[in-house]
Amino acid sequence: MSLTLFALTGAALVGLGVYGLLARPHMLRRIIAFNLIGSGLFLFFGAAAARGTGLDPIPQALIITGIVVALSASALAVGLVVALARSSGTAYLPDEEGRL
Amino acid sequence: MTTALPVLLLMTSLLPAGVTFFLAQDSHALRNALQLGGAVLKLALIIWMLFAVADGAAYEAEFPLAPGLVVLLRVDALALLFISLSATLWFLTTIYAIAYFGTKAELSRFFGFFSLCVAATTGLALSGSLISFFIFFELLTLSTWPLVAHKQDKPSLRAARVYFAYALPGSAALLWAIIWLESATGPVLFTEPPDLSGLDPAALRAIFALFIIGVGVKAGLVPLHGWLPAAMAAPAPVSALLHAVAVVKAGAFGVVRVVYDVFGAENMTALGVGVPLAIVASFTIIWGSVRALQQDEIKKRLAFSTVSQVSYIVLGAALASPLAMIGGLVHLIHQGLMKITLFFCAGIFDERAGVKRIDGLNGMGAQMPWTSACFSIGALGMIGLPPLAGFVSKFYLGLGALEAGAPWVLAVLLASTFLNAAYFLPILYRLWFLPLASGAKGDDRAPGLVVPAVVTAAATVGVGMLAASPISPLGWATLIVTQGYGP
Amino acid sequence: MSVALDITLCALVLGVGWATVAGHGVFRAVIFFITYGLLLAIVWARLGAYDVALAEAAISAGLTGVLLLAAHGRLRRLNASQEVPLHLNLPAAVVAVGIAAGLGWAWFALPAPTAPDLSQALPQSGVGNPVTAVLLNFRAWDTLLESVILLAALLGLWMLARDHAWDKPLGLPYHARPGGVLASFGRVLPPIGLIFGVYLVWAGADTTGGAFQGGTVLAAVCLVTIMAGVLHAPRVEQAAWRAALVLGPGVFVLSGIAGAVFAQGFLALPPALAKPAIVTIEAALTVSIAVTLVLLVIGPPDEGEQDA
Amino acid sequence: MTALVAGLTLPLLAAFAAIALPMRARVPAALLGAGLTLAASLWLAVVVWQTGPVTLSLGGWQPPIGIALRADGLGAALGVMTALVMTAVALAARHEMAASVAGPRAGFGFWPLMLLLWATMNAAFVSRDLFNLYVVLELITLSAVALVAISGKAEAIAAALRYLLFALAGSLLYLAGVVLTYAAHGTLDISLLAARMAAPSDALALGLMTAGLLVKTALFPFHVWLPHAHSAAPAPASALLSALVPKASLLILLRLWFEAMPDLAAPAALLTLASLGAMAVIWGGLLALAQARLKLIVAYSTVAQLGYIFLVFPLAGGDGGAQVWAAGAWTGAIFQTLSHGLAKAAMFLVAGIYLVAMGSDRLSDLRGMARALPMTGFAFALASITLMGLPPSGGFTAKYLLMTAAFASGQWAWALVLAAGGLLAAAYLYRPLAAIFARESAVAPRAIPRSWQAIPLGLAVLSVALGLLSSVPFEFLQIGRPDPAAEGL
Amino acid sequence: MNALYSGSLAPFAVLLWPLLIGVVPVVPRWRDTALRLLPLAPLPALAFAMAGAPGAVVFPDLMLGVELAAGPDSALLLGMTALVWAVAGWYGAQTMARGREAGIFTGFWCLTLAGNLGVYLAADIITFYVAFAAVSLAAWFLVVHDRTKAALGAGRVYITLAVLGEAALLTGLMIGAAQAEDLQIATVRAAFTDAPLGPLGVGLLIAGFGIKAGMVPLHVWLPLAHPAAPVAGSAVLSGAIVKAGLIGMLLLLPEATGWRMVLVVLGLLGAFGAALWGLTQRNPKAVLAYSTVSQMGLLLVLVGAGSQGVAYFALHHGMAKGALFLCVGMMMLATSPLQRRAVLGLAGSAVLSVAGLPLTGGALAKLAAKEGVGDMLSLALTLSSVTTTLVLGWFLFRLADLPAKPAQIPQWRGLFAAIAGLAALALALPWLLWPGAVALPRGYPFQPATMLEGLWPMLLGLVALALARRLALPDYPPGDVLVFLPTQKLRPVLQLPVGRQGRLYRKRPVLRLLLMCKLAERWLLHWPIAGSALMGAALAFAAMVWFAV
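Chains as they are written, first to last, in our numbering: chain F, 1072 to 1171; chain U, 1205 to 1691; chain X, 132 to 439; chain Z, 495 to 983; chain S, 35 to 583.
Right, dumping it as structure tokens:
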């Protein structure tokens, strides 16, 4: 029951993240949304891993790896957003500046 | 030996090409020696083979690339016909080009591609399978492009662009046709006609049309001929090569291969595609002549004349009768000799007298008697004046047309003869009969330029005069047809 | 009871998640995101995945949050933090609902769970914590690449520096007020944090914890010290720091090669030597991870905005 | 096995060395690493040629516990291509660093990033684990984005950010698929997955992974990030990005559809993939035609060239896999991958030389470059031949094989795409060629050493040689092929 | 390999000799020598013909297999041709201005001569055609030699018709050869009967030969070219070259009857029409040219009627007409009234012969010709004497009026003697050949009825001439049909407006397309759009797989 709950929460988080990633043009928002999707997926994964007898350690390891990967990507992305703002004055992609 | 020879033949021009690219600009002697050495060696090899092949020998070399993708080099009579033309004219054109360019810039590049072009032509001639034919066909396109663009001025670059714009769709069509066909029949070797029963007639007709479009671009079939006159911006040796030896000939040769070695005359007749092809060829013959008549530049006029003349070969193939075939094949050689003479001379007029336009030729006959005489012989040959080379081809084509039951072709030949006369005779008239314009002068004291022209002009006379001899092009063409395609 | 707790938790997570997406203002979104990370850590704990919970709290909520906060501050100074209010984007909504619905459907469509049987393998892995066993033994290749990813991200970040600032210290010029709270905090925290971090690594072998979690704590400590001005931000040329960056992955690779030479194959650990090898690798990794994370947070060498 | 491990670890160690070592020792270390890795890749190819696919369970743990690596003909061939391109790029980059105005930042970052990319490319070619491939893909993405940003210009930052955005979205989609796959089957190993009982959720997993990989492979219409990213990067980096990076995700896509889940190859999906490929061919060609800068033309040409490869899906996928033409189609697609990699790297390296020599890559500024730098002109021309698919290049062999398969399977519309694409390629490559080979040379360009000019020429020659000597590669690619149907046509 | 040749080399030498002389002026220093050699060029042919054209030769390797041999008709005409060429050559050698032009003239004179001889010697159609082309085309140089406007204009018409004729001839020959599968003239001729396109082939042959032979309405070049050419050229053109068409008809037109009527009708039209039209001319050479058309018309009638005396008739006409043209030249060169009178006398005798004064060679020729052609045609032939007398009488008047040029040549007398000899032969040779060539009894010409039949038309002609002298005859430029044809309107037809090349690549639509692509690309670049599409694609692929599996 709880597992289903967590899994569906994970799925909903993914949906939220996807919407944020697509609908919000500010790049920092998008980085946040990206993390939201990732964590939602991991939650789903964790719920799935807990279905059997005991908690499967492999998914946990994969999730930890995934979290680090997400952090790395976020760090580079944040750096890029700052660099973009520094060079162009906005945190929007050039084609989306008009939306500000 | 039997496998080495075709490869060796290819190498005689491929190796000089490779080496020449890396030669310093000013190492003229070495470059010239390479070029001429390769040409001479190739000629020697060919003469050797001529006798062997006449006795029925065949040389073959095979290089598989991928399954179905096999480069097959094979020396048969038809290959040898084309290759001896290209080798002979290559040799002469090399001499001519060396004299023409002197010590101008970018010669290593030029001669590199020049040799590469001949290598491609050689490969084309030797191709024993459709796919190797295509490979060399493309190699030819690519190696000719830098030659057309050689001067790198605006018209040359435009010409090169137009050339590509025509050639590449053509090769796409050709590749399309080849693969379509081979997907049903397996790899097509010229020695054994493919079994076409797996394809329905409509598909076969479409394939045939694609083939003709593919090779027709190079052969300058109207309406695919637009690149040819534009390519006149190239230097004279290139025009000579393009028109007489390599490109248009490759197209015409391709038509012959397609018609006789891929489809076969019977199939072609059964499919009913021969007559449309003959009509296209006929239209090309007429149209090219009419357009030639409208040109004021010598080389342009010659270019349109090529458009017209090369279709004789196509016509010969399309008529699918032995005599027409002989006529077409022999025209392959004859047109080459005549047209190269004309282009040599046009180049000499340009180089030694600065004359590009027809009206500048007034009175040049006295100033440049050798050149003018060669030009006249070439032109008269084109008209079909007996006993020059062009007459022989026309005669056989006419007989072939009657044999094939297509007498209307005679009208085409007739009209063409007349149009040829209409655009060549005024030039001769100007050369010999009109007074020299004031200030114009020229001379032909340039043996490197004139001697090749004289040789080809003499050959134009010779092949006509000695047509019946077994070693003449006509004799060879007859041999091909009786050996390979005879009933 | 527990179900009710879970429902509440999930509702909270979803609510905060919604707020990060739909809320007004980037700063608020960042704050909500940190909150969200912490809530999620609780969810992981509810699932019994304590390693993940720790990683989520330390890395997702903590480090990512710090990164985002720092970036937001930077953007505010660059006048780039404003944003347009949320408008309904129908196509986005449709695909978002579609993806979520798909995943939801998939949950019910999943076949019966089949987990690989680790009971044979675990005793040979040299560690008691199965997650660590997976990370550093069974799927060590993943972990090795993962540490390299951090390195790659750092390299990428450094590439965003301006050329004239390349030889400057990393990050913005930072001046802590001497004697301020941060400065004194910076003197007190390091010893405690250091011990906690090392403990996490050591414990990771058998219970919850590990190189990444420990490294994160160490990184946090290090950051505070730098912010306090106790420790100076390094420069790129300083070789010791760069060596520290590659220490962990380097040791990892070399031990993998040693496995190939002396044991069954690449990355293989003979059961007898597994434990010490893992601890050594973890130690080295921790150093590298800590340094990398610190440098990731402080960012590329920069001179600030005065020249912009 | 040793060769396999060497190919993975040597570039990693070299990258670490390049990070840790001081300035003076950096480049020699990187070049040494490059040389050794090249040797390892060639060695691996030889081993695969002699003994068949090389399999390795990392740490001695069999899947599903551990991760398995397997170097088949396809992986080893891509490894060799990567090694050749990487080596060439390394050599060219050494020249460019010496000549260019790029400061110590680029000089520091390029080498480790390049070597990391190399290591991960090699990892991608041999990995059999879907999650490991996710990590690999992320590593590739981050290195690639960093390489884009290395030039430091504003448009490069924007392009890199956009690239990262697209790529991360793709990663997430792929990750979602991986999560579903593991949740359903408890394994991520491709070989084990091939033998699994299909689950309903697999459809969603496959769809998610496919879409994620498509965006990383820059298939139309998800290619929009590529041209700007590739053209904004410094030329050696562009060469890597265009020639290699999309090939990793492409390979995974192929492995998914042909090895892991061939049972799910729905005709409609295969058809859609190929249709998108066909549209990429046309669209990329048209947009390349519309560009005025050499690097943009070359970048859009990547979009087009990648499109060809997707024609393999209906030709060799699904039910077609057992047909006689499948081997040809499959090998043709890989040939396209290989020859495009070599040729495209050559083109970008030429563009890099021009940028150094002229300070611009606008076509109008490149007039007459062939006169000043003849080897570059020749290299560009040769590479163009491959991209146009003219014989006797590798591109031709690829097109020939694909076209034959198209006709043999009765799907001749794909042949039309191949033909049209070749013509478009000719059209868009003609413009730079015409400019390069124009007569005038306005500004005397900066001197470029011959040893530098020779590098792209070498690559271009290789791309042509791939066609001239295609029988050995053809055989090689059959090693360990998933669906060894009857030998080609 | 075949043997180089088989048979007697004599016919070959006959052809080779003029060609050798023709090559001499290539060397500038030898030009004058070459010109002096002109009269010698046809002498081997003459000797060969006088010997009865013995022997035949085959060169299997030359061209498509050259065969040389001459039948009786050919031999007759060969001799006549050689004779005319020899005398005209001498005239030319004497009168031609030295220099480069003379060199060209010499070369092509010899080439034309070789061709002209060749048509009689050829036994295969290729050799025949080659010879015919040589005589047709090389003669153009004789026409335009003076480079005057009239000469060049005439040359244009001449070459146009000659090329057309060549083309028609070639086509006709091909039709025959295709049926015969052989190149021998006799075989080809026989094949026309059965050839599918036989009638067309015969028609083309008639046209081709007809152009050469001045058959109405293809004769238009003749009245233009003959006056324009230098006298020597006119002489050979009118005397010898036109006979090439005739021999072609004799050799190649098959036995079948369909075409004969055509020839008869056209011949009669020419015979009478051209003669009458000659009265509209003032230039004596033009008058003579029309007379040639007229006489050739008669010959065509004879060919059509299948007369045995065609060659015999042609023999006489060739020599007489050659002499007449040369007389015009002599008149122009005459410096004293005595000389003028002598020329007039010579011309008058030749005229009488052509007109058929009994007991002249011309009368004999007519008698021989009338034999076996039927009453109607016989009457026509008789009547033709009226017009011949008329036009040639007119010619004599015009000749008498011809102003003398101040030029002088040293050997006027010698030349005159030679021409007189030619004329004398025209009068006498039919007598000598009568027994061999004609089946009529030796005494036939002397029969009073015969004589009367020859005389009354002449008298009628003289009356008509007297009348015509009273009339104010119009003065038309030569060329009749051509003058009234709108030839100028033909030129623009050949210069059709043709679009520029590369139309395929007209840029505008391409640019528009590219612009649209760029805009679409910019739209796709939008992340919300691209991203939504991406997520949608994931779902779509999933759906496709789901529904399929």
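Each residue gets a CB set at the ideal place from its N, CA and C atoms; glycine is no exception. No experiment lies behind these values; they were computed from the predicted model shown.
Proximity test, Cβ basis, 8 Å: residue i and chain F
| i | result |
| --- | --- |
| residue 654/Z | yes |
8 Å Cβ cutoff, residue i in contact with chain Z
| i | result |
| --- | --- |
| residue 232/X | no |
| residue 1384/U | yes |
| residue 428/X | no |
| residue 290/X | yes |
| residue 1399/U | no |
| residue 5/S | With chain S covering 35 to 583 only, the question about residue 5/S has no answer from this structure. |
| residue 178/X | no |
| residue 1171/F | At residue 1171/F, the pLDDT of 44 sits below 50, so the modelled position is not reliable; the number obtained from the coordinates is stated separately. Chain Z, which has no Cβ nearer than 8 Å to the Cβ of residue 1171/F, makes this no. |
| residue 103/S | no |
Closer than 8 Å to chain S by CB, residue i
| i | result |
| --- | --- |
| residue 1094/F | yes |
| residue 1557/U | no |
| residue 715/Z | yes |
| residue 1140/F | no |
Contact under 8 Å by Cβ, residue i with residue j
| i | j | result |
| --- | --- | --- |
| residue 1078/F | residue 1088/F | no |
| residue 1565/U | residue 1634/U | yes |
| residue 233/X | residue 573/S | yes |
| residue 839/Z | residue 742/Z | no |
| residue 570/Z | residue 592/Z | no |
| residue 524/Z | residue 508/Z | yes |
Chain-ordered neighbours of residue i on chain A, where CB pairs are closer than 7 Å
| i | result |
| --- | --- |
| residue 222/X | The chain labelled as chain A is not found among the protein chains of the depicted structure, namely F, U, X, Z and S. |
Min CB distance residue i to chain U below 8 Å
| i | result |
| --- | --- |
| residue 163/S | yes |
is_contact[residue i, chain X] using C-beta, thresh 8 Å
| i | result |
| --- | --- |
| residue 569/S | yes |
**Request:** Jot down the residue ranges of each uninterrupted beta strand (DSSP E) in the region 350-409 of chain S, minimum 3 residues, whole runs only, in chain order.
**Result:** Runs of the beta strand (DSSP E) inside the region 350-409 of chain S: none found.
**Message:** Output needed in chain order: residues of the region 1142-1169 of chain F with a Cβ under 8 Å from some Cβ in chain S.
**Reply:** Against chain S - using a Cβ distance shorter than 8 Å - the residues of the region 1142-1169 of chain F are 1164, 1166, 1167.
**Request:** Within the region 1449-1499 of chain U, note down every full alpha helix (DSSP H) run reaching 4 residues or more, in order along the chain.
**Result:** Segments of the alpha helix (DSSP H) lying fully in the region 1449-1499 of chain U: 1451-1460, 1469-1475, 1478-1497.
**Asked** What are the complete alpha helix (DSSP H) segments, minimum 4 residues, inside the region 525-553 of chain Z?
**Response** You should have found no qualifying run.
**Prompt:** Whole beta strand (DSSP E) runs in the region 1267-1326 of chain U with 3 or more residues, listed along the chain?
**Reply:** Restricting attention to beta strand (DSSP E) runs no shorter than 3 residues, the region 1267-1326 of chain U encloses them at 1273-1279, ordered along the chain.
**Message:** Can you pull out the residues from the region 180-197 of chain X whose beta carbon lies closer than 8 Å to at least one beta carbon of chain F?
**Reply:** For the region 180-197 of chain X, the beta-carbon criterion of a distance under 8 Å to any beta-carbon of chain F is satisfied by 180, 182, 183, 186, 187, 190, 191, 194, 195.
**Prompt:** Should the region 861-872 of chain Z be regarded as contacting the region 911-919 of chain Z, the criterion being three or more beta carbon pairs within less than 8 Å?
**Reply:** No contact exists between the region 861-872 of chain Z and the region 911-919 of chain Z.
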